[in-house]
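Here's the structure we're looking at; comments come further down.
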Amino acid sequence: MDWRYALFAGLTLLITAIVGYGSYTTARLLRNWQPQVNLLLLPAENVLRGIILVICLLLGRGSGLPPETLGWQIPDAGSQIVTGALAGLGLALLFAGMGRFVTRYTDTRFYRSIMALVVPRSRREAGLLPFALLLSVLFEEVLFRSLLIGGLSPLLPTAWLIIGFSVVFGLLHSPQGAWGIVGAGTAGAIFGLMFIWHQSLLTPLVAHFVANGVQIWLASMEFDPSSTS
Numbered sequence: 348m349d350w351r352y353a354l355f356a357g358l359t360l361l362i363t364a365i366v367g368y369g370s371y372t373t374a375r376l377l378r379n380w381q382p383q384v385n386l387l388l389l390p391a392e393n394v395l396r397g398i399i400l401v402i403c404l405l406l407g408r409g410s411g412l413p414p415e416t417l418g419w420q421i422p423d424a425g426s427q428i429v430t431g432a433l434a435g436l437g438l439a440l441l442f443a444g445m446g447r448f449v450t451r452y453t454d455t456r457f458y459r460s461i462m463a464l465v466v467p468r469s470r471r472e473a474g475l476l477p478f479a480l481l482l483s484v485l486f487e488e489v490l491f492r493s494l495l496i497g498g499l500s501p502l503l504p505t506a507w508l509i510i511g512f513s514v515v516f517g518l519l520h521s522p523q524g525a526w527g528i529v530g531a532g533t534a535g536a537i538f539g540l541m542f543i544w545h546q547s548l549l550t551p552l553v554a555h556f557v558a559n560g561v562q563i564w565l566a567s568m569e570f571d572p573s574s575t576s
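Quick note: the sequence shown, position 123, residue 470 per the working numbering, numbers continuous.
Listed below in structure tokens is the structure:
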């Protein structure tokens, strides 16, 4: 194995472990902490996310893998954007409906919606939120689809990588409870299949961004600012 690729694989898994630990500590913190600011707009979180994203991009560039393996190509961009947008809209509506169902018929141990913590509470937040959301989605897609699925495909079968890292992706959403883990893991598997099918990061990136954006928009329609004061 080429030393550059070995370094790439090792550091990618290390970053994934660090991100996983951060998600675990956040899940524990949110059990007893009600943040007074939008979770997506925390400056330190976004700076750290941006730094890790740059590291991931540098790792991919230095891995020695061809761009198509990492999904860093955009064949037929228009078709990919339309496919991703429609898939994201469908996922958003599906998960919003399922979220309401499990919220109504289960307790918060099974599902805790964190949408109230990320919906914009002012025009300023509404203007900043799309950029923060794009950074978050880009970070997750580069790490979980490009590096972990595409980048590790020379080592393991693609199907194993999609299943295994979809489970990890779901576990990163543990602050939302069991349904949040299942829902995010399912979405992660769908994004992984899109990535492999199109050999490009664009389709899952658009689908992920639209899905999260529509979910936040739907939540904002029901959001009562007085409930957070």
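Note that CB positions come from ideal geometry on N, CA and C, so glycine has one too.
C-alpha gap between residue i and residue j, whole angstroms
i, j, result
"G535", "S469", "31 Å"
"P422", "S547", "8 Å"
"T373", "R408", "30 Å"
"S567", "M445", "17 Å"
"G539", "I496", "7 Å"
"L482", "R396", "8 Å"
"S573", "L377", "Bear in mind that a pLDDT of 47 at S573, under 50, signals an unreliable position, so the number given afterwards is only what the model happens to contain. Cα to Cα, the separation comes out at about 20 Å."
"G621", "L464", "This structure gives no information on residue 621, because the portion of the chain shown stretches from 348 to 576."
"M348", "L400", "25 Å"
Residue i - DSSP class collapsed to helix/strand/coil
i, result
"L503", "coil"
"V553", "helix"
"R451", "helix"
"I461", "coil"
"P477", "helix"
"N393", "helix"
"I421", "coil"
"N559", "helix"
Nearest residue (CA-CA) to residue i, options the options
i, options, result
"G438", "T533, Y352 and L549", "The sequence given here has Leu at residue 438, not Gly. Comparing Cα positions, the closest option is T533."
"F516", "R492, N559, P390 and S500", "R492"
"L499", "L377, L406, F486 and F448", "L406"
"P477", "Q562, L360, T550 and M348", "Q562"
"P522", "I461, I362 and T550", "I461"
Buried versus exposed call for residue i [16 or more other C-beta atoms within 10 Å across all chains shown]
i, result
"E557", "As written in the sequence, residue 557 is Val, which differs from the Glu given in the question. It counts as buried."
"P467", "buried"
"S426", "exposed"
"F542", "buried"
Test: residue i CB closer than 8 Å to a CB of chain C
i, result
"G535", "The chain inventory of the structure shown lacks chain C, comprising one protein chain alone."
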